[in-house]
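See below for the structure under consideration.
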Amino acid sequence: MAFTIRFRVWDKQEKEFTQKGFSLTLDGKLLKFGQPIPNEDNYIVNSFTGLKDKYDKDLFEEDIIEHTVAKGGNLTQHTGIIRFNNEHGAFYIENGPPLLQLFSIRKVGNPYENPILYDLYLKSKS
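The opening residue of the sequence shown carries number 19 in the working numbering; numbering runs sequentially from there.
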């Protein structure tokens, strides 16, 4: 079975996501057209989770999502940010359950294209 690693790259100067021309080395170094990038700090790499939301949108690390939680016979809506947990080798909702345990997931945005939404999320947590 083949497994394809996908990722997106946020270019801080251009303020957009791209995948064109980028690749990763086995030790995690970002390359552009096969060449080392002089200022890697200008780019943020987000891994693809392998999952899609209920509207068929790809879910990446650091995406903000709404999801339904079933607890004690009640369904409640929650908002969270997708993070990778190195200890468990899986994607989790920040301070929450593994992504695979959620249902009715809807991608709301990400902190790069929608920083106001991200700020509202952080304020709701404090």
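By construction, the Cβ of each residue, glycine as well, lies at the ideal position given by its N, Cα and C atoms.
This structure is a prediction, so every number in the text was calculated from the model and none was measured.
Sub-8 Å separation of residue i and residue j beta-carbons
i: glycine 127; j: isoleucine 82; result: yes
i: histidine 85; j: isoleucine 123; result: yes
i: aspartate 71; j: lysine 125; result: yes
i: leucine 48; j: valine 63; result: yes
i: threonine 149; j: isoleucine 23; result: Only positions 19 to 144 of the chain appear in the structure, and residue 149 is not among them; the question remains open.
Close Cβ partners of residue i (< 6 Å) along its chain, the five nearest in sequence each way excluded
i: serine 65; result: Phe25, Glu79
i: phenylalanine 51; result: Gly39
i: phenylalanine 35; result: Arg26, Trp28
Residue i (DSSP reduced to helix, strand or coil)
i: glycine 29; result: Per the sequence shown, residue 29 should be read as aspartate rather than glycine. Three-state result, aspartate 29: strand.
i: tryptophan 55; result: Reading off the sequence shown, one finds isoleucine at residue 55, where the question assumed tryptophan. Isoleucine 55 falls in the coil class under three-state DSSP.
i: leucine 44; result: coil
i: leucine 120; result: coil
i: aspartate 137; result: helix
i: leucine 60; result: Residue identity differs from the one stated: residue 60 is asparagine in this sequence, not leucine. If DSSP states are grouped into helix, strand and coil, asparagine 60 belongs with the helices.
i: tyrosine 130; result: coil
i: isoleucine 99; result: strand
Nearest residue (CA-CA) to residue i, options the options
i: aspartate 59; options: Gly91, Ile111, Asn104, Asp29; result: Asp29
i: proline 116; options: Gly98, Thr22, Gly90, Tyr130; result: Gly98
i: glutamine 31; options: Gly52, Gln53, Asn57; result: Asn57
i: glutamine 119; options: Ile55, Val27, Thr43, Leu69; result: Leu69
i: tyrosine 73; options: Asn104, Phe121, Val27; result: Phe121
Length of the line joining the Cα atoms of residue i and residue j
i: alanine 88; j: phenylalanine 40; result: 40 Å
i: proline 133; j: lysine 33; result: 12 Å
i: tyrosine 139; j: asparagine 104; result: 23 Å
i: lysine 75; j: proline 54; result: 31 Å
i: glycine 90; j: glutamate 131; result: 36 Å
Close-in-space but distant-in-sequence residues of the same chain around residue i (CB under 8 Å, 5 per side omitted)
i: phenylalanine 102; result: Ser65, Glu79, Ala108, Phe109, Tyr110
i: histidine 106; result: Pro116
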